[in-house]
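S.K.: For the sequence shown, the residue numbers in the working numbering are 89 to 407.
There's a structure below that I have some questions on.
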Amino acid sequence: MRKTALEFTARGKAGVCDLGEPPELEPTQILLETQYSGVTNGTERHALLSEHGFGGGRFPSRHGYQHVGKVVAAGGDVTRYRPGDWVFYGAYVGHNGWNVANEDGLLVKLPAGIDRKYCALFGVAGVALRSVRRMGVGQGDNVWVAGQGPIGHFVTQAARAAGARVTVTDMFEKRLNAARQCGAQVVLNGADESAGKLLQQGGPYDYIYDCCSAEALLFDVHKAKLLARGGTIGMMAVRDRVCYPWGLLHGTEGRIETSCHFDTDDLRVLLFLYQQGLVTVEPMVSHFVSVDEAPGMYDMLARNAKDLLGIIFDWTESR
């Protein structure tokens, strides 16, 4: 078991610190040995660079909420988990070689028969799924997802799983190819001159998800009349503030919502969709590397390298 953790040591810099020995377990706690952990590109980049209030400018600090681990010990009152079980753990504790979790914490047991390493991105997938569930996307709805980073990618898949017709846009072919592999019906490169006209032809949209944080997006939506009457705009990308033209909602009786979290029921549904092949993770994983390479990955993240999609750290190599 690795007794180290990842931490941000200064603005734009990441390193490794000593985590020490696990404490003695309380009766309702379990000890998890981390096998894989996933980077939350948006949140962790914001904290790494002290953007949008994340991290509060304090260093060192630890961020992240996506661990896949094995149960190695359980307290005497634990009934749902036993040593040898695999779980996804979604608490905001950073990337650690081990974690102590309460039995009723943000956990879901991972069964045999699935590729568990990809479950290391169940956190971002859970945020996306929760947004689709909360905002009520359903069969036959017309959905546009602007931006195909990790959150946008999983919003697309969750909306497809709900039975919606999904159009996606992005500027990078790597991301668009992943969307095609995962079943988006219409895939448009936002850099193409024809993209705007094709978006209008496919609209209006019952749901428009902002997963790109382009400042002009809501004004463009209003100008092109892309939001259907009574439609919803889902603000998924982090911003300091949101500005929109009054007529965007006044004329459509639409609404703006945001969703940033997930719970154990979202994890339950996500695991079911993953087992059924209705949500897949592999197409959007760009880097699967040893945790020893983490500082270099964060350096790329700080530079906003466009070839980064899903990043998974492997903790199982040489200790």
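Quick reminder that beta carbons are idealized off the backbone N, C-alpha and C, glycines included.
From Tyr418 to Glu109, what does the alpha carbon distance come to, in whole angstroms?
M.R.: Outside the shown range of the chain, which is 89 to 407, sits residue 418, and nothing can be said about it.
S.K.: Please work out which residues of its chain come closer than 7 Å, Cβ to Cβ, to Val254, disregarding the five sequence neighbours upstream and downstream, and give them in chain order.
M.R.: Within the same chain, Val254 has close Cβ partners Val231, Val233, Thr244, Ala247, Arg248, Ala272 and Gln273.
S.K.: Quick one: what does DSSP say Arg407 is sitting in, helix, strand or coil?
M.R.: Only weak support is given to the placement of Arg407: the predicted model assigns it a pLDDT of 44, under 50, and the value that follows is read from those uncertain coordinates. Of the three classes helix, strand and coil, the one that applies to Arg407 here is coil, per DSSP.
S.K.: For Ile321, tell me which candidate among Val220, Thr92 and Gly384 has the shortest Cα-Cα distance.
M.R.: When each option's Cα is compared against that of Ile321, the closest is Val220.
S.K.: Quick one: give me the first and last residue of the alpha helix (DSSP H) that Ala283 is part of.
M.R.: It spans Ala283 to Gly290 - the alpha helix (DSSP H) in which Ala283 sits, taken as one unbroken run.
S.K.: Three-state secondary structure (DSSP) at Glu261?
M.R.: Three-state DSSP puts Glu261 in a helix.
S.K.: Is the CB-CB distance between Val212 and Pro238 below 8 Å?
M.R.: Yes. Within cutoff.
S.K.: Taking just the CA atoms, how far does Thr122 sit from Thr96?
M.R.: Per the sequence presented here, residue 96 reads as Phe, with Thr not at that position. When rounded, the distance between both Cα atoms is 19 Å.
S.K.: Pick helix, strand or coil for Thr167, following the three-state DSSP scheme.
M.R.: Note: Thr167 maps to coil in three-state DSSP.
S.K.: With respect to the beta strand (DSSP E) encompassing Met323, which residues constitute its N-terminal and C-terminal limits?
M.R.: Element bounds for Met323: Leu315 to Met323.
S.K.: Following the continuous alpha helix (DSSP H) through Glu139, name the residue where it begins and the one where it ends.
M.R.: Here Glu139 belongs to no alpha helix (DSSP H), and DSSP marks it neither H nor E.
S.K.: Leaving aside the five residues before and after Gly335 along the sequence, list all residues of the same chain whose C-beta is less than 8 Å from its C-beta, in chain order.
M.R.: Answer for Gly335: His310, listed in chain order.
S.K.: When you measure from the CB of Ala189 to every non-hydrogen atom of the ligand MN, does any distance come out below 7 Å?
M.R.: In terms of ligand content, the structure shown is empty, and the ligand MN therefore cannot be addressed.
S.K.: What are the boundary residues of the alpha helix (DSSP H) that Asp353 is part of?
M.R.: Run containing Asp353: Thr352 to Gln363, per the alpha helix (DSSP H) assignment.
S.K.: I'd like to check one pair, Phe147 with Thr131: are the Cβ atoms closer than 8 Å?
M.R.: No; because the gap between Cβ atoms is not below 8 Å, this pair is not in contact.
S.K.: Pop quiz: Gly240 and Lys91 are said to be a contact at Cβ under 8 Å. What is the actual Cβ separation, rounded to whole angstroms?
M.R.: Contact doesn't hold; Cβ gap of about 36 Å is too wide.
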